[in-house]
Amino acid sequence: MIGTLYLVPNLLGAVPPSDVLPQRTIDIAKRLDHWIVETPKPARAFLKSLDMSTPIANLDLRTFPIAPTSASIAALLTPAREGGDIGVLTDAGCPGIADPGAAVVAAAHGAGVRVVPLVGPSAVLLALMASGMNGQSFVFHGYLPVKPDARTAALRALETDSRANRRAELFIETPYRNVAMLAAITQALQATTWVCIAADLTLATETIERRPASAWRGHDIERFAKRPALFVVQA
Numbered sequence: 196m197i198g199t200l201y202l203v204p205n206l207l208g209a210v211p212p213s214d215v216l217p218q219r220t221i222d223i224a225k226r227l228d229h230w231i232v233e234t235p236k237p238a239r240a241f242l243k244s245l246d247m248s249t250p251i252a253n254l255d256l257r258t259f260p261i262a263p264t265s266a267s268i269a270a271l272l273t274p275a276r277e278g279g280d281i282g283v284l285t286d287a288g289c290p291g292i293a294d295p296g297a298a299v300v301a302a303a304h305g306a307g308v309r310v311v312p313l314v315g316p317s318a319v320l321l322a323l324m325a326s327g328m329n330g331q332s333f334v335f336h337g338y339l340p341v342k343p344d345a346r347t348a349a350l351r352a353l354e355t356d357s358r359a360n361r362r363a364e365l366f367i368e369t370p371y372r373n374v375a376m377l378a379a380i381t382q383a384l385q386a387t388t389w390v391c392i393a394a395d396l397t398l399a400t401e402t403i404e405r406r407p408a409s410a411w412r413g414h415d416i417e418r419f420a421k422r423p424a425l426f427v428v429q430a
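Residue 196 is where the sequence shown starts when you use this note's numbering, and the numbers rise one by one after that.
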């Protein structure tokens, strides 16, 4: 008998699990002894918050390999091939979205392991929902280039794509570069292009604001410094 691979959404910040996770997700996660995780420290913090059935120290935690190979990914699935269930956990949000979890999921399908996605917070979808932009057609780009010239080119390219295809364009940034990104947006994008930033999603400090690119000038963009955020743009 082959086990099941459960995709367990992590919290987006320090909130009680019951605030953002359905009871079914919590119940399934609490009984799992085998885990594939992005980073051990945030994984342990999340599992501790669930009041696990098994002591955290006794759980089998395996991390995504930095340079994955077919063999190393297959090794992560060993407990499932032996009949055990496995949870997949990213550092924040849903596994497989902007993290290495997709490779494990693809391997599970190839090995005949049942894959079950569980309900929980996704920063990408929450930001899109709250942006008022096109939820029928959108693209998530992950991180844009860091160097100023390349970043400006990427912003203008996605603006052109948005206008041509009438769709929303989403991306993320390392929190300490949020202010630099907002400043670049005000310079790179046309004045009327809509820009929404969704910061600290699901937390008490949650901030979601939408305005044209030109209207971001003069606003206190420093308040978005070092806060996990999603950017949504639509021309």
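Where a beta carbon is used, it is the ideal one built from N, C-alpha and C, also for glycine.
Determine, using beta carbons only, whether Pro237 and Phe259 come nearer to each other than 8 Å. no
Taking the Cβ atom as the reference point for each residue, do Pro407 and Thr387 lie within a distance shorter than 8 Å? yes
Rounded Cβ spacing between Ile436 and Ala424 (contact assumed at less than 8 Å): As shown, the chain starts at 196 and ends at 430. That puts residue 436 outside it, with no answer to give.
DSSP beta-bridge partners for Trp389? Pro407 and Gln429
With distances taken between CB atoms, is the gap from Val232 to Leu256 smaller than 8 Å? yes
Residue burial classification, Gln431 (beta-carbon count within 10 angstroms, cutoff 16): The structure shown does not extend to residue 431, since the chain is modelled only from 196 through 430, so no value can be given for it.
Given that a residue counts as buried once 16 or more other Cβ atoms are within 10 Å of its Cβ, and exposed if not, what is His229? buried
Inter-residue spacing [alpha-carbon to alpha-carbon] between Glu401 and Met196: 44 Å
Would the beta-carbon of Gly307 fall within 8 Å of that of Cys289? no
How is Ile231 classed by DSSP in three states: helix, strand or coil? strand
Considering only the beta carbon of each residue, do Leu313 and Pro204 sit closer than 8 Å? yes
For Phe366 and Arg346, what's the separation of their Cα atoms in angstroms? 12 Å
Rounded to a whole number of angstroms, what is the C-alpha to C-alpha distance between Ala383 and Trp389? 13 Å
Counting Cβ pairs, one atom from each stretch, are 3 or more of them under 8 Å apart for the segment 219-229 and the segment 241-256? yes
Less than 8 Å separating the beta-carbons of Asn360 and Ser332? yes
For the alpha helix (DSSP H) that contains His336, what are its first and last residues? Where His336 is concerned, there is no enclosing alpha helix (DSSP H), although the beta strand (DSSP E) it sits in stretches over Phe333 to Tyr338.
Rank Arg362, Val374 and Arg351 by C-alpha distance to the C-alpha of Met328 and give the top, closest one. Arg362
Under 7 Å from any heavy atom of the ligand NAP, does the C-beta of Arg418 make it? This structure lacks the ligand NAP; in fact it carries no ligand of any kind.
Do you know how far the Cα of Ala240 is from the Cα of Gln218? 19 Å
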